[in-house]
Structures are given as structure tokens and as C-alpha cells.
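*Asks:* Below you'll find the structure I mean.
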Amino acid sequence: MEGTQPVTTMTDGTDSSRVRALFRLALEENDRRILGPELDHGRGLVEERTALHSRQVAAWAADRQRAFGYDRPFAVVALGGTGRREVTPASDLDYALLFDDALEGNGFLLSLQDELLHTGRFEEQFGFRWQALPFQLEDAPRLAEKQLNSFLDLQPVHDPTGLTPRFRERIRATYDAFEHFLHVRGFWQDRWEKAAGQTERLDRFDIKNDGLRVFLAGIWTWAGKGFESSHDVYARLEDPRDLAAYEFLLRIRCFVHLRRARSGEVRRGGDDSPDVLHFDDFLAFGEMLGPGATERERFEFANEVRARLLAARRRVARFAKAVIERELREGRSAMPGGRVVYGLGGLTHAALPASATDEERSGAALTLVLAAQRYGVPIDPTELQRTFRQAGDWLKPVPELTALLYEERGNLADSFGFLSQFEGAEDRLFPGYARFEASLDARVMAEGRSLRSGLEREKLRTLEGMVADGRRKLAEAVSPGRLTDVLRTIDPAVEAALLDADHLAAVKLALKTKRLPLTAEDLRARDDARLPLYERYSSGMSDIPLAEYYRPYCLRCRLPEEVARLTESLIANRRAFKEYAETPNDAIQVEDFARRCGDAGFLRALFVFTCADRAHWESERDDPARWFNSRELYSKTLVRFCPIQRPADRIHLLGCPEEDAEVLRDFGEDFWAGEYRQYATVFVSALRAMMESGSATAAKAVLLSRGTSPILGIAARDYRGLAASITGALWGAGVDLRQAHLFSAGRHGLALDFFHLTPNGQPWGRELLRTIEEAVRERRHIPHEAPPDLPRLAGRLSLTQWRPGLYRLRYETGQNAGGLVYALSYLVYRHLGGNIFGLVAHAVRGGAFVTVYHSLPPGLELDRAQAIVTQRFC
Numbered sequence: 004m005e006g007t008q009p010v011t012t013m014t015d016g017t018d019s020s021r022v023r024a025l026f027r028l029a030l031e032e033n034d035r036r037i038l039g040p041e042l043d044h045g046r047g048l049v050e051e052r053t054a055l056h057s058r059q060v061a062a063w064a065a066d067r068q069r070a071f072g073y074d075r076p077f078a079v080v081a082l083g084g085t086g087r088r089e090v091t092p093a094s095d096l097d098y099a100l101l102f103d104d105a106l107e108g109n110g111f112l113l114s115l116q117d118e119l120l121h122t123g124r125f126e127e128q129f130g131f132r133w134q135a136l137p138f139q140l141e142d143a144p145r146l147a148e149k150q151l152n153s154f155l156d157l158q159p160v161h162d163p164t165g166l167t168p169r170f171r172e173r174i175r176a177t178y179d180a181f182e183h184f185l186h187v188r189g190f191w192q193d194r195w196e197k198a199a200g201q202t203e204r205l206d207r208f209d210i211k212n213d214g215l216r217v218f219l220a221g222i223w224t225w226a227g228k229g230f231e232s233s234h235d236v237y238a239r240l241e242d243p244r245d246l247a248a249y250e251f252l253l254r255i256r257c258f259v260h261l262r263r264a265r266s267g268e269v270r271r272g273g274d275d276s277p278d279v280l281h282f283d284d285f286l287a288f289g290e291m292l293g294p295g296a297t298e299r300e301r302f303e304f305a306n307e308v309r310a311r312l313l314a315a316r317r318r319v320a321r322f323a324k325a326v327i328e329r330e331l332r333e334g335r336s337a338m339p340g341g342r343v344v345y346g347l348g349g350l351t352h353a354a355l356p357a358s359a360t361d362e363e364r365s366g367a368a369l370t371l372v373l374a375a376q377r378y379g380v381p382i383d384p385t386e387l388q389r390t391f392r393q394a395g396d397w398l399k400p401v402p403e404l405t406a407l408l409y410e411e412r413g414n415l416a417d418s419f420g421f422l423s424q425f426e427g428a429e430d431r432l433f434p435g436y437a438r439f440e441a442s443l444d445a446r447v448m449a450e451g452r453s454l455r456s457g458l459e460r461e462k463l464r465t466l467e468g469m470v471a472d473g474r475r476k477l478a479e480a481v482s483p484g485r486l487t488d489v490l491r492t493i494d495p496a497v498e499a500a501l502l503d504a505d506h507l508a509a510v511k512l513a514l515k516t517k518r519l520p521l522t523a524e525d526l527r528a529r530d531d532a533r534l535p536l537y538e539r540y541s542s543g544m545s546d547i548p549l550a551e552y553y554r555p556y557c558l559r560c561r562l563p564e565e566v567a568r569l570t571e572s573l574i575a576n577r578r579a580f581k582e583y584a585e586t587p588n589d590a591i592q593v594e595d596f597a598r599r600c601g602d603a604g605f606l607r608a609l610f611v612f613t614c615a616d617r618a619h620w621e622s623e624r625d626d627p628a629r630w631f632n633s634r635e636l637y638s639k640t641l642v643r644f645c646p647i648q649r650p651a652d653r654i655h656l657l658g659c660p661e662e663d664a665e666v667l668r669d670f671g672e673d674f675w676a677g678e679y680r681q682y683a684t685v686f687v688s689a690l691r692a693m694m695e696s697g698s699a700t701a702a703k704a705v706l707l708s709r710g711t712s713p714i715l716g717i718a719a720r721d722y723r724g725l726a727a728s729i730t731g732a733l734w735g736a737g738v739d740l741r742q743a744h745l746f747s748a749g750r751h752g753l754a755l756d757f758f759h760l761t762p763n764g765q766p767w768g769r770e771l772l773r774t775i776e777e778a779v780r781e782r783r784h785i786p787h788e789a790p791p792d793l794p795r796l797a798g799r800l801s802l803t804q805w806r807p808g809l810y811r812l813r814y815e816t817g818q819n820a821g822g823l824v825y826a827l828s829y830l831v832y833r834h835l836g837g838n839i840f841g842l843v844a845h846a847v848r849g850g851a852f853v854t855v856y857h858s859l860p861p862g863l864e865l866d867r868a869q870a871i872v873t874q875r876f877c
């Protein structure tokens, strides 16, 4: 018949349309009772409504498991309010799918999600929808905060193999009860406690968040101790009126939900939550009597409901506050063993016997510090005169010190800041620290702001901020693999997040103790009479050789020997990135650096250590070009340790057509393994146009932004003297250079060059770019005779072989560096006939250094080139 709906059946032959009709009838009966005048059946209403939904879910789950033939342990469970059997007309349905099986590629799970999420088949069959997250047993230890709280009320709906109690026991064996308590108390402090003091408010009352959850804060505080369900706690309440008040709130929530749904009213103020009552809702309670009641009857009834509602709000607030405050007064155990408790004043440790050894006292003290760091809670001030009394006289390195280094939560810098209150305490943990924190170095002398101990803790905070930021980026990334690909643009935060526990602990320890062990470099500095005294004696404070400094920690603190070795290596190589960044990162240098690092793990640790150590002193803002080079060195070296395709073979990731890829590929591995590859797409169309047109005068200049280091990128037809044309144009425009890297595509005769500019406070726009492009096209600034205004070279020049077939011209002067890069580039082009591939210039106090990296033409030997330099350049 036309218009007849198709009839579907479950695998047991049940008519789904009949199932849906019966469900709707039962729900309508529940609705009728909700709209009626009975006030004391809140519990019955929500339990009935929960059962109606759960029966449908259970029948569907059993049917789908039978139809699919899935024979592994599987369960559908109710969580949160659904698990407490407290479903109201507009509340969420909280169900979950449990598996003792892999979730990835699980065909049965995919079929369930298809019916629930994609096709809407479940809703079509049963008349309501729900979205359930899947979990496997291995997920249990990872549950935390809001999700863990929801699992307190885990209840089976369909569980033929008893998976639900196994899941609960796995959680109970692995969860952190104290962390759960802090989670609940945090919400209490942030919102619920304030709501508890506003029980007379009528303009806005969120019955879920400011009523029901106020009561549940007390229930969850108790339930979290042994991971019990809320109903287990309900059964133990001393005063039944507390639970009755909560159930009255459930009753009113049902009424408000249903009234809101049936009236279709739009909430004012943009607040469309069905849980938020406004003044008009408090006036509507008389509607429960129905149309047959008189106005006076509805008036009196509404007064009664408001009075009971006010009493319920006050009672649940009083209950929760008493539970939480009593918990704090009695002390909540914070760590296994019950020796550390959290009370009204903060963390305290059980009293130690008078016979306690220094090691035992140290263990107790550092356990308190560890708990404070892990949970982000304070130590009770009274502990300053109890557990920590005279700590500088007896504190020793113990295993809890290693635990502090490995703790991923909290702030290690704050932990050491707490210990710094006790004179001599940190020196007992780290020999030489007392001399270190009172000493001076170049940074202290320049800033005149803080002792070195404060600066050291600043570095630890920077590291921990990097790790947190990197983990957030990885968690939020749509494709985390793209963030961890070795060919991506290097992000120090992501690199920090990728460190394993041992390498991260080593970086922390190295930042804390960098200046304490005595190194060969420290001895050389002490013997250098040219240095001021504060620089000669700014390091090696313990006078303990580096090879011996960390050995005691392995014995006394159970520090893994590998971590001690890593820390030694980090300190021994603390200047490595700075030293290597002073010259171009060619293949030979990268291989040498890779041998120095040994493996990718240490390379990453050294990079992160360097970034945290230099974040505020000699930072990227101070020397952006050097930091660019450090990232490039790191990127190129990382490729050596990772078994991936050759960098140039990954051009297809850019998504460009093959004709563009052909041009880009010609720039070679040195370009594609480094940081400049990120700019390839900016120039690819211009490069292809140059190749296709065959024009000898084409050029495209673009200002590229890289933080504090503006970079001028230039694509052009390659010719000898190109570097002199560009540097001459920049000099004429009053722009100074920090460095330049020049790449050639030999087969196509193209160049892609990058010049790091020194900011001068002037805006650089299209006019500068046009000047550069014209200079390149017209081959300006490279006349046969030297320009009359070419800066005179009045410093020290040296020409040496840098690599086989490659040379380095170095110039040191006491004069201003302006124009020197152009002068040297021109002279290399005109008198040596060289091709330049790298330029470095940096100013120092009272002078400048300029280095030109270049080749020499065939037949010109080094000694003859050196003679030309002497005759022509000076």
C-alpha cells in the first residue's frame, strides 16, 4: 500500500516497528508521570527511564553480536548518569563498548559504529540515538579525570562473558585515587562551592552543574577512595534526607526537561541548555497539577515545590561541603603507604622516629616534594619546621631525587625552588651548587637581574613548557605523523615531546648541573688570563671531574647508568650546535656531527638541551641566523639516523606536478635535507618558467619571514658573480647581511639563494625586491674595474682550503661591517674567478668577521690564489 513504512526485523524475528511502538508507549507513560503532581518518585522516574533505554541497547547488542558471530569478550556498559540509572528526558545517554581485543581494524566494532554513527540504523529501529566510545582492557590504566569519574558508575547492559567486572578491577588496580580526589575538589573549588552559596538565586540555576553535581562532589569524594559505584555510597549515607534531596532535584530536572521540550521555547540570553532554569521556570511548577486545578491550588503547590527545591539545594550543598572539608581535616592519603597525606594546610609526612637516618629523612623530605610536584598541591608550611627542619645539614641524594627527574607532571623548577629555601640543601644534592648560585657569569653581568640559580630554574621551566606544548600539538594534530616526519620544519617543542623518559631525565639533570662538573674546557678558561675573573671561574664549581661527577648518583639514587652517561655527554657537547652552526652544514660536516652524536636519541636530546639552555640568552632573537643553522644541522643529521627515502625523493609530498618536481629535484640532497626546503613551493613556478623560457635575465625576489630572522629568497638564472650582484644591491639599499646560502640546479642552470638580513628598523617592501631583481637581471655591481666606492679592506685576510676543492676566505676587521660582504664577494668573483656558495658575517664588540665560502676555477692552485689575495685584496 502506498505510504506504508517498511517493516524490519531483528535476527530473532522481532518486529522492529513493534519494538519501537512499545518503547514509545512506555516512554509516554513515564512522561505522563513526570508532568503529574507526585513529587517523591524522582528515583523511580529516572530508573524506569534508564531501564527503557538500556533494554533496547542490550537487545540490539545481543542481536548484532549473534548476527556477526563475534565470539571474543565484548560488553556494552552504561557510564556516568546512565550508569547511576538517572536518565532524564533531555540528558545524554552514556554508554561504552568494551572489548578484550584490538580496536584497530576490528570488523565487529566497525559494523556497530556504522549503525550508530553513519547510517542511523539504530535510531531508525529504536527511536533514539547514542554515541559510544570503544575501550579495550589496555585502556584502563590511561583513564583519568572526567573520563575516570564517569567509569565510577560502570554498569553492564550487555555482557555475556563478564567483561565489566574485569574492566572495573583493572581500573581499580591502576588508577590514582588521590589524583581523582584532586580532580573532584578542583571542580568544587572552581564552580560547585560558589554555586553552593547561591541557593536563593532565581534568575539562573543550572540544575545539573550547580545542583546535582554539587551533591555528587561529596559522593565521588568517597567513591573514589576504592573505586566504588555511586550507589554503593548511596547505601551507606547516614542521613537518608541527603539522598532524598538529591532525588528531588532529579524529579525537578525531569519536569523542566519535559516542559522545555514540549513548549519548544527558546531560552533567553543565548543559554539554550535544558538544565538551566530561569525565573519563569520557578513560576511554572503549578503546571504539574494540570488544567483542572484552581489558580489558588496551583499557587500553593508552586510555593511548596519552591520551598522543597530551596531546601534540597541547601542540603546537597551542606552535604558536599561537609564531606570534602572533613576529608581534608582528617587527611587524604596522597601516595601509596599512607605516609604522605593531604590536609587543610597542604601535604604532610608522617612523623619519623628519632632514630631515623639521614637517608630516611631525605627520602621523606623528597617524597613530599615529589608529591607536591606530581599533583600540583602545596606542602603544609608547618613541614618547614618538621620534615625539612635544618635540611641543609642532613639532606642527601636518595632514589626519590631520581623520581623527581622522571616525574612527567608538575614543575621540577618549582620543586628545586622549594628546596632553595634551605641554605645548603641543593649543594648537598648537587656538589658545587652553592658556589654556582652565588657566582657571576656574562649573563648575570649583562642583565644585573638575578642570581644564576634563578636563571637555571628558568631554563627548566622552558624545557617543561616545550614538552607540554609539543605533547599538546601531537595530541591535537589531525596527522601526528606529519609532525614527526624527519623532513618537516623543525619545531623544538615537538622534538622535546618525542624524547623518551631516559633522555628527558638526562636533559633535566644536565640543565640543573651544567656548570658543576669540571671539564677540560673549564681548566682552559681558568688558565686564560685574557678573560675576566668571573668568566675564568664561572664553571666547574664542584672541582669534581665530569667523568666522576655522576657516578655516586647511580649508587645512591638508582640513577640508570645510561642516564648518567647521557648527562655527561650533553655537558661535554654543550657548545656543539653553536660551534657547528658557524660554518655551512655540508655533507662532510653533517657526517662528522652524526658520528659525534652516535644515534638519533642523543641528537634529539642535545638539540632540546641546547634550545632550553639558550632560550633566553644567546637566543634566536639575539642571533636568528645561527639558530636557523642549528635547526638545519639538526634536520640534516636526523636524516642520517632515520631509514627513509632520500630527501629529494620526497618532493611528491608537496603535491606539485612532475614538471615542477623535476626542477626542484635538481637542487640536490643538501637543499632537500635542510631547512630551506620549506620555501621551495614559493619559487617553483618561477623556476619552471625560467627553465621553459630559457631567459638569461629572469629573477624573482621574495621576503620570507622566519621569526626574528627576515630572509630574502631569490630565484634566478645562475651565473658567476650572482652573489656579488645581490650583495652589491643590498649594500646600495643600506641592508646588512648576517649570512647567505646559495644553491644551484646544475642541469637547468638555475639558482635558488637565501640571504639572512639584519633588521635595521626600516620596512622592506616591494621597492627593495624590485631593486634586487633588476640588479640580478642586469648583472649590476660586477663591473670589470672595481667600483670607486668599494669599501677598503683594512683588516686581516686569510684564504684556506675548507673542503677538497672548496675554499674559505676569512676577513677580520675592527671597522664597521657595512659593505664588506659585497667587497669580498666582488673580489672573489673578479680576481679569483670563484663561485660563491656561502657567506657569513657577524659583528662583535669592536669589529666584524666575514667569511666567504667558494670554489676556484680549474688550474688555480691554493698558493697562487693566496698570492692574489695578498696582491689584490689588501
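Sequential numbering of the sequence shown, starting at 4, is according to our numbering.
Glycine included, C-beta positions come from ideal geometry on N, C-alpha and C.
Helix, strand or coil for Thr854? Go by DSSP, reduced to three states.
*Replies:* Taking the first residue of the sequence shown as position 1, residue 854 is located at position 851. Three-state result, Thr854: strand.
*Asks:* Can you find the residues in the same chain that come closer than 7 Å, C-beta to C-beta, to Phe322, ignoring five residues on each side of it along the sequence?
*Replies:* Counting from 1 along the sequence shown, the entry for residue 322 is found at position 319. Only Phe218, Gly221 and Asp245 meet the Cβ criterion.
*Asks:* Is the CB-CB distance between Ala584 and Leu636 below 8 Å?
*Replies:* If you number the sequence shown from 1, residue 584 lands on position 581. If you number the sequence shown from 1, residue 636 lands on position 633. Against a cut-off of 8 Å, the Cβ pair of Leu636 and Ala584 comes out as a contact.
*Asks:* Whose C-alpha, out of Ser418, Thr360 and Trp397, is nearest the C-alpha of Ala374?
*Replies:* In the sequence shown, residue 374 corresponds to position 371, counting from 1. The candidate whose alpha carbon is nearest that of Ala374 is Ser418.
*Asks:* Is Val90 helix, strand or coil by DSSP?
*Replies:* Counting from one through the sequence shown, the residue named residue 90 turns up at place 87. Three-state DSSP puts Val90 in coil, outside helix and strand.
*Asks:* Going by the CB atoms, is the gap between Leu519 and Tyr552 shorter than 8 Å?
*Replies:* Residue numbering aside, residue 552 sits at position 549 when the sequence shown is read from its first letter. Residue numbering aside, residue 519 sits at position 516 when the sequence shown is read from its first letter. For Tyr552 and Leu519, yes; Cβs fall inside 8 Å.
*Asks:* State the CB to CB distance for the pair Ala143 and Phe170, rounded to an integer number of angstroms; the pair is presumed to be in contact (CB under 8 Å).
*Replies:* Position 140 of the sequence shown, counting from 1, holds the residue named residue 143. Position 167 of the sequence shown, counting from 1, holds the residue named residue 170. At roughly 6 Å, the Cβ-Cβ gap stays under 8 Å, so Ala143 and Phe170 are in contact.
*Asks:* Taking the C-alpha atoms as reference points, what is the distance between Ala508 and Leu407?
*Replies:* Start at 1 with the first residue of the sequence shown, and residue 508 comes out as number 505. Start at 1 with the first residue of the sequence shown, and residue 407 comes out as number 404. Going by the C-alpha atoms only, they are around 9 Å apart.
*Asks:* Return yes when the Cβ of Glu461 is within less than 8 Å of the Cβ of His1, no when it is not.
*Replies:* Residue 1 lies beyond the range of the chain shown here (4 to 877); nothing can be said about it.
*Asks:* Between Thr122, Gly841, Leu119 and Pro137, which lies nearest to Asn109 when the distance is taken from Cα to Cα?
*Replies:* Locating residue 109 in the sequence shown gives position 106, counting from the first residue. Closest by alpha carbon: Pro137.
*Asks:* Below 7 Å CB to CB, which residues in the same chain sit around Ala320 once its five sequence neighbours on both sides are set aside?
*Replies:* Locating residue 320 in the sequence shown gives position 317, where the first residue counts as 1. Ala199, Thr202 and Val217.
*Asks:* Report the partner residues of His744 according to the DSSP bridge assignment.
*Replies:* Counting from one through the sequence shown, the residue named residue 744 turns up at place 741. Bridge partners of His744: Phe757 and Gly841.
*Asks:* Taking just the CA atoms, how far does Pro563 sit from Val831?
*Replies:* Looking up residue 831 in the sequence shown gives position 828. Looking up residue 563 in the sequence shown gives position 560. Distance between the alpha carbons of Val831 and Pro563: 54 Å.
*Asks:* Return the CA-CA distance between Phe102 and Arg643, expressed in angstroms with no decimal places.
*Replies:* Locating residue 102 in the sequence shown gives position 99, counting from the first residue. Locating residue 643 in the sequence shown gives position 640, counting from the first residue. Those two C-alpha atoms are separated by around 41 Å.
*Asks:* If we count the other Cβ atoms within 10 Å of its Cβ and call it buried at 16 or more, is Thr177 buried or exposed?
*Replies:* Looking up residue 177 in the sequence shown gives position 174. Exposed, because fewer than 16 other Cβ atoms sit within 10 Å of the Cβ of Thr177.
*Asks:* With three or more C-beta pairs closer than 8 Å as the rule, is the stretch 742-753 touching the stretch 832-841?
*Replies:* Because the criterion of three Cβ pairs below 8 Å is met, the stretch 832-841 and the stretch 742-753 touch.
*Asks:* Which residues in the same chain have their Cβ closer than 7 Å to the Cβ of Ala689, if we skip the five residues on either side of it in sequence?
*Replies:* For the purposes of this step, residue 689 is taken as residue 686 along the sequence shown, with counting starting at 1. The answer, listed in chain order, is Lys703 and Ala718.
*Asks:* To the nearest angstrom, report how far apart Ala590 and Phe111 are at their CA atoms.
*Replies:* If you number the sequence shown from 1, residue 590 lands on position 587. If you number the sequence shown from 1, residue 111 lands on position 108. If you take the alpha carbons of Ala590 and Phe111, they lie about 51 Å apart.
*Asks:* Considering Ile871, what are the terminal residues of the alpha helix (DSSP H) in which it resides?
*Replies:* Along the sequence shown, read from residue 1 onward, the residue named residue 871 stands at position 868. Element bounds for Ile871: Leu865 to Ile871.
*Asks:* Could you check which residue in Leu48, Gly724 and Ala24 has the C-alpha nearest to that of Arg35?
*Replies:* For the purposes of this step, residue 35 is taken as the residue at position 32 of the sequence shown. Of Leu48, Gly724 and Ala24, the residue nearest in Cα terms is Leu48.
*Asks:* Is any heavy atom of the ligand NAP found at a distance shorter than 7 Å from the C-beta of Gly798?
*Replies:* Inclusion of the ligand NAP in the displayed structure is not the case, the ligand content being empty and no account of it being possible.
*Asks:* Using only CA atoms, which one of Phe612, Arg559 and Gly130 lies nearest to Ile574?
*Replies:* Here residue 574 refers to the residue found at position 571 of the sequence shown. Ranking Phe612, Arg559 and Gly130 by Cα distance to Ile574 puts Phe612 first.
*Asks:* For Gly420, collect the residues of the same chain with a Cβ closer than 7 Å to its Cβ; drop the 5 residues on either side in sequence, then sort them by chain order.
*Replies:* Within the sequence shown, numbered from 1, the residue matching residue 420 stands at position 417. Excluding residues within five positions, the ones whose Cβ falls inside 7 Å are Arg460.
*Asks:* Does DSSP put Arg316 in a helix, a strand or coil?
*Replies:* Here residue 316 corresponds to residue number 313 of the sequence shown, with the count starting at 1. Helix at Arg316.
*Asks:* Taking buried to mean at least 16 other C-beta atoms within 10 Å of its own C-beta, is Thr803 buried or exposed?
*Replies:* In the sequence shown, the residue the question calls residue 803 occupies position 800. The residue is exposed, with fewer than 16 neighbouring Cβ atoms inside 10 Å.
*Asks:* Drop a sphere of 10 angstroms on the beta-carbon of Glu661, count the other beta-carbons inside from all chains shown, and report buried for 16 or more, exposed for fewer.
*Replies:* Against the sequence shown, residue 661 aligns to sequence position 658. Exposed: under 16 other Cβ atoms inside 10 Å.
*Asks:* Which class does Pro402 belong to by DSSP, given the choice of helix, strand or coil?
*Replies:* Locating residue 402 in the sequence shown gives position 399, where the first residue counts as 1. Pro402 falls in the helix class under three-state DSSP.
*Asks:* Quick check on DSSP: helix, strand or coil for Gly671?
*Replies:* Locating residue 671 in the sequence shown gives position 668, where the first residue counts as 1. In the structure shown, Gly671 sits in a helix (DSSP, three-state: H, G or I).
*Asks:* Cβ atoms of Phe251 and Leu38: under 8 Å apart, would you say?
*Replies:* The residue you call residue 38 lines up with position 35 of the sequence shown. The residue you call residue 251 lines up with position 248 of the sequence shown. In this structure, Phe251 does not lie closer than 8 Å to Leu38 by Cβ.
*Asks:* Would you call the stretch 343-362 in contact with the stretch 381-398, where contact means no fewer than 3 C-beta pairs closer than 8 Å?
*Replies:* Enough Cβ pairs lie closer than 8 Å, so yes.
*Asks:* Please give me, in chain order, every unbroken run of the beta strand (DSSP E) with length at least 3 that falls completely inside the stretch 16-61.
*Replies:* Correct list: empty.
*Asks:* For a quick check, are the C-beta atoms of His253 and Thr91 less than 8 Å apart?
*Replies:* Taking the first residue of the sequence shown as position 1, residue 253 is located at position 250. Taking the first residue of the sequence shown as position 1, residue 91 is located at position 88. Correcting the residue identity first, residue 253 is Leu in this sequence and not His. In this structure, Thr91 lies closer than 8 Å to Leu253 by Cβ.
*Asks:* Which value, in whole angstroms, describes the spacing of the CA atoms of Leu706 and Gln765?
*Replies:* Numbered from 1 along the sequence shown, position 703 holds the residue referred to as residue 706. Numbered from 1 along the sequence shown, position 762 holds the residue referred to as residue 765. Approximately 14 Å, taken between the alpha carbons.
*Asks:* Please report the straight-line C-alpha distance between Gly427 and Ala597, rounded to a whole angstrom.
*Replies:* As a position in the sequence shown, residue 427 is number 424, starting the count at 1. As a position in the sequence shown, residue 597 is number 594, starting the count at 1. Cα to Cα, the separation comes out at about 40 Å.
*Asks:* Would you mind giving the Cβ-Cβ distance between Arg455 and Glu440, rounded to the nearest angstrom? I have them listed as a contact below 8 Å.
*Replies:* Translated into the one-based positions of the sequence shown, residue 455 becomes position 452. Translated into the one-based positions of the sequence shown, residue 440 becomes position 437. Correct: roughly 6 Å between the Cβ atoms.
*Asks:* Give me the residue from Glu31, His44 and Glu582 with the minimum Cα distance to Gly130.
*Replies:* By one-based count along the sequence shown, residue 130 stands at place 127. Among Glu31, His44 and Glu582, the Cα nearest to that of Gly130 belongs to Glu31.
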